[in-house]
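Encoded as structure tokens, the structure appears first; notes follow it.
There are 2 protein chains.
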Amino acid sequence: MAVLGTDGYIGWPMAMHLSRLGYDVVAVDNLARRGWDVEGGTYSLVPIPTMEQRVERWRELTGNTIIWHHLDLCDHKALEAFMAEFVPEAVVHLAEQRSAPFSMIDRDHAVRTQVNNIVGNLNLMFAIHEHAPDCHLVKLGTMGEYGCPNIDIEEGYLTIEHNGRTDTLPYPKVPHSFYHLSKVADSQNIHFGTRIWGMRATDLNQGVVYGNQTEDTMLHPDLMTRLDFDSIWGTALNRFCVQAAAGLPITVYGQGGQTRGYLDIRDTMACITLAIEHPADRGECRVFNQFTEQFSLNELADMVLRVRKARGWETTIDHVANPRVEAESHYYNAKHSALVDLGLEPHLLDESMLGSMIELVEQYVHQLDPVLLQQPSVNWRTGGNEVWDTYANQSQVEAATDSVDALVASQARPRERQLQQD
Amino acid sequence: MAVLGTDGYIGWPMAMHLSRLGYDVVAVDNLARRGWDVEGGTYSLVPIPTMEQRVERWRELTGNTIIWHHLDLCDHKALEAFMAEFVPEAVVHLAEQRSAPFSMIDRDHAVRTQVNNIVGNLNLMFAIHEHAPDCHLVKLGTMGEYGCPNIDIEEGYLTIEHNGRTDTLPYPKVPHSFYHLSKVADSQNIHFGTRIWGMRATDLNQGVVYGNQTEDTMLHPDLMTRLDFDSIWGTALNRFCVQAAAGLPITVYGQGGQTRGYLDIRDTMACITLAIEHPADRGECRVFNQFTEQFSLNELADMVLRVRKARGWETTIDHVANPRVEAESHYYNAKHSALVDLGLEPHLLDESMLGSMIELVEQYVHQLDPVLLQQPSVNWRTGGNEVWDTYANQSQVEAATDSVDALVASQARPRERQLQQD
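Sequences listed follow chains H and C, in order. Position 385 of the first sequence, counted from 1, bears residue number 385 in the numbering used here, the numbering being contiguous throughout. Remember, the numbering used here sits 1000 above the position in the second sequence when you count from 1.
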């Protein structure tokens, strides 16, 4: 069993989860994400140790071995040697650049995203075809491939009646960013691979994942997974929780009617495991929509407000100019029954879950850089070169700094991270 | 007016056609296709001079200047400098790797095709956005993006009613090869560019083009465009004409019911010109299906037979094992009215046109390498490494050599090209 992209937010808990279930897990990553953090000045609020330290701690605490393999999918010779050596029964492919704003910064980031994702995935398909043709490719796609059509979103395919004839075809896609476009290209390539080679594939169109705590990450601080909160890597819900925990207004892009599918990270573990345990047939390209609930940004912001209020704090919501090009009020109804049919029992997003997310942020508030909290996001129309290099309104940054300082002081802990503006 | 990919089969007549109409044409190419010929041992049956010789001959005969600019779209700095210097009102983008079998040879060719096409197109989109935002992108796509659905193929978009709601979405695509997949990725990227940047775009999903003679190519042998007949670069119809002209059996892949759209190269000139003269609006991603007639392989083979018979020759048809993965008997009905509505007056494929194609081949029969005529095509399931490096059945090659020798002898002309097997 190979988990590609093990150093990422989902990859590390996924590797542990499969290892706990008794699979021999080989953890593969090129550590690109750590490089992008260095490049962009971002970081995980929860400190994460090296891959070597992680697998060693896991072995020490559970007796289970995860083999760590430093490998870039774009290095096809190394990938082919890897597949020929391990011949895995399944590969969980999470090894892609996964940020929409990152892909929208400029030409360079758009091209890097598409080349990295499309070439890595093609290399993997050929390596499977040549060295492990029975291997089940479990590939992480995204619900963002579909966009926001005015009709119900089905799971991968749509039966269309047109001029008196009928066919079942890949669901038409209107993706949201150059990143989402790379995933559409992957899906098309994989579908083709199943048709010409008889490859087994499950394409998981995942919603937005939240939460950091799985049975395994909670065993030891060294086993935690990353928590992103900046405007490039952090999801809207993460940003809301971190803003609220820091005593800052929650910033909602535009009207806030933007609706998407969401799921708990524990359900991601369960869904991918279900896909592995019920493999696609040879020649089958199975598509599951992997999320459990739909929310609009406004609904999420309101939930965070209520959770904060129950804890005795008032939070405000600011609607800011939307840097993205997207509908802010739209129909959205996406099907997601296939994984439930396989046995998924969802963890729903309730106030207790949100409360634990905010508590986790509070534990690490001494790591918070208020500049990153206030950095405006990449603009879909004009790119991100400028905003990426400059800071937001200085008075906002000062207010954020004061707020975070007060919170850190109330916990009587020193600030550990140097502010970027110093 | 920039024509990107001017050194190709369509690009060179297109540049002359627009120059004749009075446009200031800048001809751009990276000469990649000549390199791929050297790499694979293929060549144009009709000899083509260098780009410098072509534009000089054109100037000498017509007094019109085509500026020749050696440039690779994957070199984004050079491309940006070019767009900033010329700020064209329109770019005709033909500068892609365009062979399905080439893309199916192996991993390397699949990756090269997708990276070359997707990155070149992305670079062009960003260069337009930054340096010529009003420029009309006229992009050559392919009918092969759609595949062969069991419902009518519309022009780019499909209005879908589903569960009582309606939306008009990009037509679902099931492309035929890694090459066709690259064009689908381009279409998706361009559609996105029109949505976020207000780019003007016309995506021309072109059928199979035939014919070599336009008003301009017939002015002088130096102005001819290439004629491909091998199994990597030659279309089925070209191969049929060349096999027939050489007195060999016509080889049809599989049952021969494979149906596609076709058009005369003169109609390609007209369609692209119509797209330029009626530009897309800002923010519009217009898709035209650019072909005039549908034929199955069997229909084409039968037409070639009839044309040969009228000239006093018997030709036979061999159905050979299909190296591709495709339906050999299927529904196919693709709409193509948008360009007719703009004023296209099609040249249809009749026996006189086929006769002139076969006559052109006969003129250049002394250039024919029988080995290339007999080389089996790339296999979609197993790739092409092996067939690419070896020759087909030796007795077939010998029979082909004898047949071509006899034809050359009957014309009392020496064979100009050394056989590969010598």
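C-beta: ideal position from N, C-alpha, C; glycine also. A quick note: this is a predicted structure, and the numbers were derived from the prediction, not measured.
Once DSSP output is grouped into helix, strand and coil, what is the label at residue i?
{"i": "H/Lys139", "result": "strand"}
{"i": "H/Val87", "result": "coil"}
{"i": "C/His1319", "result": "strand"}
{"i": "H/Cys285", "result": "strand"}
{"i": "H/Ala327", "result": "coil"}
{"i": "H/Thr214", "result": "coil"}
{"i": "C/Ala1409", "result": "helix"}
{"i": "C/Val1365", "result": "helix"}
{"i": "H/Phe229", "result": "coil"}
{"i": "C/Ile1002", "result": "Going by the sequence as given, residue 1002 of chain C is Ala instead of Ile. Correct three-state label for C/Ala1002: strand."}
{"i": "C/Glu1314", "result": "coil"}
{"i": "H/Gln394", "result": "helix"}
{"i": "H/Ser337", "result": "coil"}
{"i": "H/Gln114", "result": "helix"}
{"i": "H/Glu154", "result": "coil"}
{"i": "C/Val1387", "result": "Low per-residue confidence applies at C/Val1387: pLDDT is 47, beneath 50, and the placement is therefore not dependable, though the value from the model is reported in the following sentence. Helix, per DSSP."}
{"i": "C/Phe1291", "result": "coil"}
{"i": "H/Thr382", "result": "coil"}
{"i": "C/Val1304", "result": "helix"}
Could you please give the first and the last residue of the uninterrupted alpha helix (DSSP H) stretch that includes residue i?
{"i": "H/Tyr179", "result": "178-197"}
{"i": "C/Ile1160", "result": "Run containing C/Ile1160: none in the alpha helix (DSSP H); it sits in the beta strand (DSSP E), 1157-1162."}
{"i": "H/Gln375", "result": "Where H/Gln375 is concerned, there is no enclosing alpha helix (DSSP H), given that its DSSP letter is neither H nor E."}
{"i": "H/Phe240", "result": "236-245"}
{"i": "C/Ala1015", "result": "1011-1020"}
Whole angstroms is fine: what's the gap from residue i's alpha carbon to residue j's?
{"i": "H/Glu215", "j": "H/Met269", "result": "11 Å"}
{"i": "C/Glu1049", "j": "C/Met1199", "result": "According to the sequence shown, residue 1049 of chain C is Pro rather than Glu. Spanning the two alpha carbons is a distance of roughly 36 Å."}
{"i": "C/Thr1390", "j": "H/Glu130", "result": "Unreliable positioning characterises C/Thr1390 in this predicted model, as indicated by a pLDDT of 49, which lies under 50. The coordinate reading is nonetheless provided below. For C/Thr1390 and H/Glu130, the distance between alpha carbons rounds to 21 Å."}
{"i": "H/Trp313", "j": "H/Met353", "result": "17 Å"}
{"i": "H/Asn117", "j": "C/Leu1305", "result": "48 Å"}
{"i": "H/Ile153", "j": "H/Asn238", "result": "25 Å"}
{"i": "C/Arg1495", "j": "C/Ser1099", "result": "Coverage of chain C is limited to positions 1001 through 1422, which leaves residue 1495 of chain C absent and any answer about it impossible."}
{"i": "H/Asp264", "j": "H/Met357", "result": "11 Å"}
{"i": "C/Thr1225", "j": "C/Asp1007", "result": "9 Å"}
{"i": "C/Gly1234", "j": "H/Leu349", "result": "58 Å"}
{"i": "H/Leu73", "j": "H/Gln97", "result": "12 Å"}
{"i": "C/Arg1057", "j": "C/Ile1066", "result": "10 Å"}
{"i": "H/Ile160", "j": "C/Gln1206", "result": "24 Å"}
{"i": "C/Ala1095", "j": "C/Val1138", "result": "12 Å"}
{"i": "C/Asp1222", "j": "C/Asn1064", "result": "16 Å"}
{"i": "C/Cys1285", "j": "H/Arg260", "result": "26 Å"}
{"i": "H/Pro13", "j": "H/Val408", "result": "29 Å"}
{"i": "H/Pro170", "j": "H/Val92", "result": "22 Å"}
{"i": "C/Gly1384", "j": "C/Ile1105", "result": "4 Å"}
{"i": "H/His162", "j": "C/Pro1279", "result": "30 Å"}
Exposed or buried, which one is residue i when buried takes at least 16 other CB atoms within 10 Å?
{"i": "C/Leu1031", "result": "exposed"}
{"i": "H/Ser231", "result": "buried"}
{"i": "C/Ala1321", "result": "exposed"}
{"i": "H/Glu155", "result": "buried"}
{"i": "H/Leu4", "result": "buried"}
{"i": "C/Asn1333", "result": "exposed"}
{"i": "H/Met218", "result": "exposed"}
{"i": "H/Pro175", "result": "buried"}
{"i": "H/Gln369", "result": "Position check: residue 369 of chain H holds Asp in this sequence, whereas Gln was assumed. With 16 or more other Cβ atoms within 10 Å, it is buried."}
{"i": "C/Ile1010", "result": "buried"}
{"i": "C/Gly1164", "result": "exposed"}
{"i": "C/Val1038", "result": "exposed"}
With residue i as the anchor, note down where its beta strand (DSSP E) starts and where it stops.
{"i": "H/Asp264", "result": "259-264"}
{"i": "C/Val1025", "result": "1025-1029"}
{"i": "C/Asp1167", "result": "1165-1170"}
{"i": "H/Ala280", "result": "From DSSP, H/Ala280 is part of no beta strand (DSSP E); its letter is neither H nor E."}
{"i": "H/Gln255", "result": "Run containing H/Gln255: none; DSSP gives neither H nor E here."}
{"i": "H/Asp434", "result": "Only positions 1 to 422 of chain H appear in this structure, which leaves residue 434 of chain H out of reach."}
For the ligand GTP, is there a heavy atom less than 8 Å away from the beta-carbon of residue i?
{"i": "H/Arg34", "result": "No copy of the ligand GTP appears in this structure; indeed no ligand is present at all."}
Unbroken alpha helix (DSSP H) runs of length 4 or more, entirely within the region 33-111 of chain H: which are they? Counting only runs of 4 or more, we get 51-62, 76-86, 100-103.
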